[in-house]
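>
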């Protein structure tokens, strides 16, 4: 059988060509000239990241705040850490805001998405960039690449990063092995139901930036479905042409085990289900199961016939409403203790 030519949507192909750039396309000097009156905020959601958050903060502070006036505000959202994340981040030069401080008076929720929402509430910039706090060998272009298209092109509303994600094994390194949830679950899901988003190389990337007025108009899923929800909701709100992506090179960070990735996948599926219902593509009034059953080998509570413990996790997701709807009710920001 002869190989067939790959089939690519003309819309996706045109978008990927037109709206994809490299971090190298956005040198700092060019962005300083284009910045004008725009204020730029960088937000790092962090939970127990004392080993890496300090170096990230110090790099942004030195290269993009002290040397040049590109970033106006650098915030670390301490997501109920039990280590010294807050102290390390503050010592490196960040403003540290407690997740619960910015959601005071609202239901107490958990998860990365809730920390992101709190960070957006705390930030004051016209452009807000989000960067994960577990990155190793962090470089300034992770920020400049994200904010570049927003500063230069007023038609761009949101920018997503992508990169190579090496997965280090016991005997080898797989160059792009770090995107397991993306390749096994998220990419097929998006291609099936939201094919316009097929051109995004890393739809689950934790590095992205957007205009405040747009970010405040979408809900934030509190768990690991936040990135999926944001892409889908922004597609519906502003359209594909207002979205862009930038190649950030290589990303090195801590990888999670397979069981954790399974829980992440389940939350993404819940997130997609809610949006399918909104479109009328899933039966109204129904909801998928909220519990995920997994098995862990051995352990003191292993079932005798399985030689495994049964681990049951609630993988349901909740959402913070669009920030614009609650802005008058939110507390004024201040640094967490």
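In our numbering, the protein residues as written are 168 to 504. Even for Gly, the Cβ is constructed at its ideal location relative to N, Cα and C.
1) What does the alpha-carbon distance come out to for the pair residue 469 and residue 426?
2) Can you tell me whether residue 302 is helix, strand or coil according to DSSP?
3) So, do the segment 259 to 266 and the segment 345 to 365 have three or more beta carbon pairs nearer to each other than 8 Å?
4) How many Å lie between residue 219 and residue 438 at the Cα?
5) Using C-beta distances below 6 Å, list every residue in its chain close to residue 250, excluding the 5 sequence neighbours before and after it, in chain order.
6) Check the DSSP bridge columns for residue 475 and list the partner residues they point to.
7) Go ahead and label residue 233 buried or exposed: buried means 16 or more other beta carbons lie within 10 angstroms of its beta carbon, across all protein chains shown.
8) In angstroms with no decimal places, state the Cα-to-Cα distance between residue 340 and residue 357.
9) State the start and end residues of the unbroken beta strand (DSSP E) segment that holds residue 244.
10) Considering Cα atoms alone, identify which of 482, 283, 246 and 196 is closest to residue 385.
11) Just to confirm the assignment, what range does the beta strand (DSSP E) spanning residue 367 have?
12) Based on the DSSP output, what are the partners of residue 265 in its beta bridges?
13) Are the beta-carbon atoms of residue 193 and residue 328 separated by less than 8 Å?
14) Would the segment 315 to 326 count as touching the segment 403 to 417 if we require 3 or more Cβ pairs under 8 Å?
15) Under the assumption that residue 211 contacts residue 243 (Cβ atoms under 8 Å), give the Cβ distance between them as a whole number of angstroms.
16) Would you mind sorting residue 418 into buried or exposed? The rule is 16 or more other CB atoms within 10 Å of its CB.
Answer, in terms of the structure:
1) Here residue 469 refers to the residue found at position 302 of the chain shown. Here residue 426 refers to the residue found at position 259 of the chain shown. Those two C-alpha atoms are separated by around 17 Å.
2) The residue given as residue 302 occupies position 135 in the chain shown. If DSSP states are grouped into helix, strand and coil, residue 302 belongs with the strands.
3) no
4) As a working mapping, residue 219 is identified with position 52 in the chain shown. As a working mapping, residue 438 is identified with position 271 in the chain shown. Spanning the two alpha carbons is a distance of roughly 29 Å.
5) As a first step, residue 250 is located in the chain shown; it is residue number 83 there, counting from the start. Here the set comprises 215 and 217.
6) As a position in the chain shown, residue 475 is number 308, starting the count at 1. Per DSSP, 464 and 470.
7) Numbered from 1 along the chain shown, position 66 holds the residue referred to as residue 233. Exposed.
8) Translated into positions along the chain shown, residue 340 becomes position 173. Translated into positions along the chain shown, residue 357 becomes position 190. The pLDDT assigned to residue 340 is 43, lower than 50, so where the model puts this residue is not dependable; a value taken from the coordinates is nonetheless given after this. So the two alpha carbons sit approximately 28 Å from each other.
9) Residue numbering aside, residue 244 sits at position 77 when the chain shown is read from its first letter. Per DSSP, residue 244 belongs to the beta strand (DSSP E) from 240 to 245.
10) Taking the chain shown and counting its residues from 1, one reaches residue 385 at position 218. Residue 283 is the option with its Cα nearest to residue 385.
11) On the chain shown, position 200 is the one that residue 367 refers to. Taken as a continuous stretch (DSSP letters only), residue 367 belongs to no beta strand (DSSP E), as it is neither H nor E.
12) In the chain shown, the residue the question calls residue 265 occupies position 98. Beta-bridge pairing links residue 265 to 245.
13) As a working note, residue 193 is residue 26 in the chain shown. As a working note, residue 328 is residue 161 in the chain shown. No; because the gap between Cβ atoms is not below 8 Å, this pair is not in contact.
14) yes
15) By one-based count along the chain shown, residue 211 stands at place 44. By one-based count along the chain shown, residue 243 stands at place 76. Correct: roughly 5 Å between the Cβ atoms.
16) For the purposes of this step, residue 418 is identified with residue 251 of the chain shown, where counting begins at 1. That one is buried.
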